[in-house]
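Participant:
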Amino acid sequence: MKQILQYIEEDSFFHHLHPLTKLVWAIAMCLVCFICSNLYFLAFVVLTNIGIAWGSKILKEALPTFKMFFVLGAFLMLFQMLFMTEGEIVFKLGNWLALTDKGVESGLLLALRMSGALIPLSLMLMLTSVNDLAAELVEKLHIPYKYTFVMTTALRFIPTFAKEMDQIIQAQVCRGCDLDSKNFFKKAKVIIPMSIPLLVSSVRKIEKQAMALEIKGFDAPNRSRYREVTAGKGDLIMGVYIILLMLISILIQL
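So in my numbering, spot 235 of the sequence shown is number 494, and the numbers just go up one at a time.
Below you can see the structure in the form of structure tokens.
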């Protein structure tokens, strides 16, 4: 089963960074992508983020997620190119299709911005333990524990539900269910009933989670941790990198 937005434990520079450093990095990359409109710089940011995945030894696991972002980016780029009529025509097919230079540039910009913003967010989740992130949000940023718990629980259940849905699909295929039909209505007729077992399983998991929280004293006033996360020299290096990238993006845009 492919891992989707799930923490992947490895021994790398980025894994050892403080959770809040990685969160700031992901947010900063999103801001950089929307501050700057230089295509070459945005392409550099996207390639750098892919390089971070490679350097963190999680590129193989992250590729399926990256492919989804690239496919979505390509679709948005094509949509933008087809419906933007401003600029000089660079390609024309009959009287019904005309691509302009501004349409192509705008489409590339949209695709690079989306990929450049989504890849760091997904990498942050793959490089950071959800429990450590939640604990630091509570202790350092003083965000109410219940809000962080809701966020971490939702993130933790994403791969769980994806795995269960995959198992349900495989079980239905073994029973002779045709999921390869190109007819949308036939496919919907088959998939909709398959969501019922997933819904039932989700309710059961929520009940078990609620019981476990009560047993472990979720509402206890004082909480303790078995492991403390501290910042190091790597976080300082990453902070300098973030500031430099932000400054470069602003200077390019001026």
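The beta-carbon is built from N, C-alpha and C at its ideal position, and this holds for glycine as well.
(1) Once the 5 residues before and after residue 268 are set aside, which same chain residues still bring their CB inside 6 Å of it?
(2) Can you find at least 3 beta carbon pairs, one from the region 352 to 368 and one from the region 277 to 291, that sit closer than 8 Å?
(3) Distance check for residue 265 and residue 273, CA to CA, integer angstroms please.
(4) Would you kindly work out how many angstroms separate the C-alpha atoms of residue 504 and residue 431, rounded to a whole number?
(5) Give the C-beta separation of residue 453 and residue 427 to the nearest angstrom, bearing in mind that I take them to be a contact with Cβ-Cβ under 8 Å.
(6) Can you tell me whether DSSP reads residue 350 as helix, strand or coil?
(7) Compute the beta-carbon to beta-carbon distance between residue 458 and residue 420, rounded to the nearest angstrom, for a pair I have assumed lies under 8 Å.
(8) Where does residue 372 land, buried or exposed, given buried means 16+ other C-beta within 10 angstroms?
(9) First and last residue of the beta strand (DSSP E) that includes residue 357?
(10) At what residues does the alpha helix (DSSP H) containing residue 508 begin and finish?
(11) Note the first and the last residue of the continuous alpha helix (DSSP H) segment covering residue 432.
(12) Does the structure place the region 382 to 401 close enough to the region 292 to 299 that three or more beta carbon pairs sit under 8 Å?
(13) Give the secondary structure of residue 489 by DSSP, where H, G and I count as helix, E and B as strand, and everything else as coil.
(14) Applying the 10 Å Cβ sphere with the 16-neighbour rule, what's the burial state of residue 328?
(15) Am I right that residue 526 and residue 379 are in contact with their C-beta atoms under 8 Å? What's the rounded C-beta distance?
(16) Have a look at residue 500 and residue 449 and give me their C-alpha separation to the nearest angstrom.
(17) Going residue by residue through the region 283 to 346, where are the continuous beta strand (DSSP E) segments of at least 3 residues, counting only ones entirely within it?
(18) When we look at the beta-carbon of residue 468 and count the other beta-carbons within 10 Å, is it buried (16 or more) or exposed?
(19) What's the call for residue 471, buried or exposed, on a 16-neighbour Cβ count within 10 Å?
(20) Just to check my reading of the structure: residue 375 and residue 304 have Cβ atoms closer than 8 Å, yes? What is that Cβ distance to the nearest angstrom?
(21) Measure the alpha-carbon distance for residue 408 versus residue 393 and round it to whole angstroms.
(22) In its own chain, which residues sit with a C-beta less than 7 Å from the C-beta of residue 493, not counting the 5 before and 5 after it?
(23) When you compare only the Cα positions, how much space is there between residue 311 and residue 385?
(24) Who are the near neighbours of residue 294 in its chain, counting only those whose CB is closer than 7 Å to its CB and skipping five residues on each side?
Facilitator: Walking through what the data contain:
(1) none
(2) no
(3) 15 Å
(4) 49 Å
(5) 5 Å
(6) strand
(7) Residue 458 to residue 420, Cβ: 10 Å. No contact.
(8) buried
(9) 356 to 359
(10) 492 to 512
(11) 404 to 433
(12) no
(13) coil
(14) buried
(15) This structure does not reach residue 526, given that the chain is present from 260 up to 513, and the question cannot be answered.
(16) 50 Å
(17) none
(18) exposed
(19) exposed
(20) 5 Å
(21) 7 Å
(22) 272, 275, 276
(23) 12 Å
(24) 508, 509, 512
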